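Here's the structure we're looking at; comments come further down.
Numbering (full-length UniProt numbering), first residue to last: 1 to 144.
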């Protein structure tokens, strides 16, 4: 795994990661191991589903949290923003995830009606880790 400690708060380390596939004639099996397939130990898992047409999720940043986002079914876009630049990633395969590091604002948009997204994250839920105001996030991100 690439060391991302020197690139915290930049879009550059946000990247698609191909996940190990162990499929055969019985079907697909995709594995994600913390510290091996993602550059962090997994401390929390959650999923999003049933997103209404035109709705968006996210609209926040994290101070410390790192995550891998996977579209288990259907598709959606993740827009990442470091306060200087942004990038957009389409997630549409359970065999590929998007790594998002700390100090990145994220928006999830353009969900297909059947989309199910899985989040594997490095931290337990902590409201103090969240930026919910983009102006505050941008000020702090630009100071890095």
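Built from N, CA and C at the ideal position, the CB exists for glycine as well. Bear in mind the structure is a predicted one, so any value in this text is a computation, not a measurement.
Item                                                                                                                                          : Value
Alpha carbon to alpha carbon, what distance is there between residue 99 and residue 63?                                                       : 15 Å
Should residue 1 go down as buried or exposed, given a rule of 16 or more other Cβ atoms within 10 Å for buried?                              : Confidence is the limiting factor: at residue 1 the pLDDT is only 46, short of 50, which leaves the residue's position unreliable and the question unanswerable from this model.
Using only alpha-carbon positions, find the residue among 45, 120, 136 that is nearest to residue 39.                                         : 120
Are the beta-carbon atoms belonging to residue 76 and residue 32 less than 9 Å from one another?                                              : no
Can you grab the Cα-Cα spacing for the pair residue 37 / residue 19, in whole Å?                                                              : 7 Å
Just tell me which of 116, 126, 85, 91 has its CA closest to the CA of residue 11.                                                            : 85
Should residue 143 and residue 51 be called a contact, given that it needs their Cβ atoms to be closer than 9 Å?                              : no
Start and end of the alpha helix (DSSP H) containing residue 139?                                                                             : 134-142
Determine the burial state of residue 125: buried for a count of at least 16 other Cβ atoms within 10 Å of its Cβ, exposed for fewer.         : exposed
So within the region 57-126, which uninterrupted alpha helix (DSSP H) runs reach at least 4 residues, ignoring any that extend past its ends? : none
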